[in-house]
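Engineer: With the sequence shown counted from 1, adding 590 to any position gets you our numbering.
The beta carbon of each residue, even a glycine, is placed where N, CA and C say it ideally should be.
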Amino acid sequence: MTILVVIDSPVGGHHGAEVAAPAFRSIAEQTLSYLSVPQDNPSTPPQIASSTPAKSARQAREDYAVVPPPESEMSDTATLSLQSVALANPFPQPDSPPNGSSNRATGGVDHGPVIIVPDFSGLPVRRVAQRCQELGLELNVRGSGLAFAQNPAAGVQASAGTEVTVQFAR
Numbered sequence: 591m592t593i594l595v596v597i598d599s600p601v602g603g604h605h606g607a608e609v610a611a612p613a614f615r616s617i618a619e620q621t622l623s624y625l626s627v628p629q630d631n632p633s634t635p636p637q638i639a640s641s642t643p644a645k646s647a648r649q650a651r652e653d654y655a656v657v658p659p660p661e662s663e664m665s666d667t668a669t670l671s672l673q674s675v676a677l678a679n680p681f682p683q684p685d686s687p688p689n690g691s692s693n694r695a696t697g698g699v700d701h702g703p704v705i706i707v708p709d710f711s712g713l714p715v716r717r718v719a720q721r722c723q724e725l726g727l728e729l730n731v732r733g734s735g736l737a738f739a740q741n742p743a744a745g746v747q748a749s750a751g752t753e754v755t756v757q758f759a760r
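See the structure below:
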C-alpha cells in the first residue's frame, strides 16, 4: 500500500509533520480498517465480559462443586449412588487409561498424555508459540500483538498434536 499526500498551498506550517501527516494518518487508518488489518491502538476498547479477573478452570470447578448432604440425611440408595460416582475417576491420569482398560486391548488410538491447555491471554505470539511447542500443541496464529482469545479454551484437556487457534491484536 502506498499513500502520497500532496498539499499544494499549505496554510500555517510548511513541513510534512505539520501539514501532510494528519491527512496521511486519516487515509491510512481508513484504508487499514477497510482491509481488516487490526489497529495498533484500537479506537474502541475490547469488550470485557466482566470487571472481575477470570478464574482458572480449576477454581471455577471448585466454586460450583456439588456438596452432598451429610450421610445421616441420605437414604441407603443415595449413599450407594454417591459411592459409585466417587469411585469413577472423571479425570483419569495420563498414564492410566479410563476404567482400567488399555487402548491396545480396545483397539483405540493412543494420543499420548493429556495436556491441560494453558491460558494464553495477554501473551505475545512468540511466548505462545514457545509454550505450545513445549507442550506439543499445534499453534494456529490469527493476527499479531497480544493474545485475547483462544480455542480450545484454557483449562480444557487435549492430547499432543491438538491444534490451538489463538487470536492476537495490538
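Using the beta-carbon count (16 or more within 10 Å), is Ile705 buried or exposed?
Structural biologist: Translated into the one-based positions of the sequence shown, residue 705 becomes position 115. So Ile705 ends up on the buried side.
Engineer: Would you decide whether Val596 is buried or exposed? Buried here means 16 or more other CB atoms lie within 10 Å of its CB.
Structural biologist: Stepping through the sequence shown from its first residue, residue 596 is reached at position 6. When all chains shown are included, Val596 counts as exposed.
Engineer: How should Gln740 be labelled, buried or exposed, when 16 other C-beta atoms within 10 angstroms of its C-beta is the threshold for buried?
Structural biologist: The count along the sequence shown starts at 1 and reaches residue 740 at position 150. Result: buried.
Engineer: Since I believe Cys722 is in contact with Leu729 (beta carbons under 8 Å), could you give me their beta-carbon distance rounded to a whole number of angstroms?
Structural biologist: In the sequence shown, counting from the first residue as 1, residue 729 sits at position 139. In the sequence shown, counting from the first residue as 1, residue 722 sits at position 132. Going by Cβ atoms, the distance from Leu729 to Cys722 rounds to 4 Å, so yes, they are a contact pair.
Engineer: At the level of alpha carbons, what is the spacing between Phe738 and Val601?
Structural biologist: Within the sequence shown, the letter at position 148 stands for residue 738. Within the sequence shown, the letter at position 11 stands for residue 601. Cα to Cα, the separation comes out at about 44 Å.
Engineer: Can you tell which of Leu727, Pro708, Arg732, Val731 has the C-alpha that lies nearest to the C-alpha of Gly751?
Structural biologist: In the sequence shown, residue 751 corresponds to position 161, counting from 1. Of the candidates Leu727, Pro708, Arg732, Val731, the one whose C-alpha sits nearest the C-alpha of Gly751 is Leu727.
Engineer: If you follow the alpha helix (DSSP H) that Ile705 is in, where does it begin and where does it stop?
Structural biologist: Stepping through the sequence shown from its first residue, residue 705 is reached at position 115. Note, Ile705: premise wrong, no alpha helix (DSSP H); beta strand (DSSP E) at 704 to 706.
Engineer: Pull up the DSSP beta-bridge partners for Pro600, would you.
Structural biologist: In the sequence shown, the residue the question calls residue 600 occupies position 10. DSSP output for Pro600 lists no bridge partner at all.
Engineer: I need the boundaries of the alpha helix (DSSP H) containing Arg721, first residue and last residue.
Structural biologist: Reading the sequence shown from its first residue, position 131 is the one you call residue 721. Element bounds for Arg721: 715 to 725.
Engineer: Can you tell me which of the three DSSP states Thr621 falls into?
Structural biologist: For the purposes of this step, residue 621 is taken as residue 31 along the sequence shown, with counting starting at 1. In the structure shown, Thr621 sits in a helix (DSSP, three-state: H, G or I).
Engineer: Under 7 Å Cβ to Cβ from Val715, same chain only, skipping five residues before and after it: list those, please.
Structural biologist: To locate residue 715, count along the sequence shown from 1; it is residue 125. The answer, listed in chain order, is Val731, Ser734, Phe758.
Engineer: At which residues does the beta strand (DSSP E) containing Arg732 begin and terminate?
Structural biologist: For the purposes of this step, residue 732 is identified with residue 142 of the sequence shown, where counting begins at 1. Note, Arg732: beta strand (DSSP E), 728 to 732.
Engineer: Between which two residues does the beta strand (DSSP E) containing Leu736 stretch?
Structural biologist: The residue labelled residue 736 in the question sits at position 146 within the sequence shown. 736 to 741 is the extent of the beta strand (DSSP E) around Leu736.
Engineer: What's the gap between the Cα of Arg760 and the Cα of Ser623?
Structural biologist: Within the sequence shown, the letter at position 170 stands for residue 760. Within the sequence shown, the letter at position 33 stands for residue 623. Straight-line Cα distance between these residues: approximately 14 Å.
Engineer: By DSSP's criteria, Phe758 is part of a beta bridge. Which residues make up the other side?
Structural biologist: For the purposes of this step, residue 758 is taken as residue 168 along the sequence shown, with counting starting at 1. DSSP lists Ala737 as partners of Phe758.
Engineer: Does the separation of the CB atoms of Pro708 and Leu736 fall below 9 Å?
Structural biologist: Position 118 of the sequence shown, counted from the first residue, corresponds to residue 708. Position 146 of the sequence shown, counted from the first residue, corresponds to residue 736. No, the pair does not count as a contact, with Cβ atoms beyond the cut-off.
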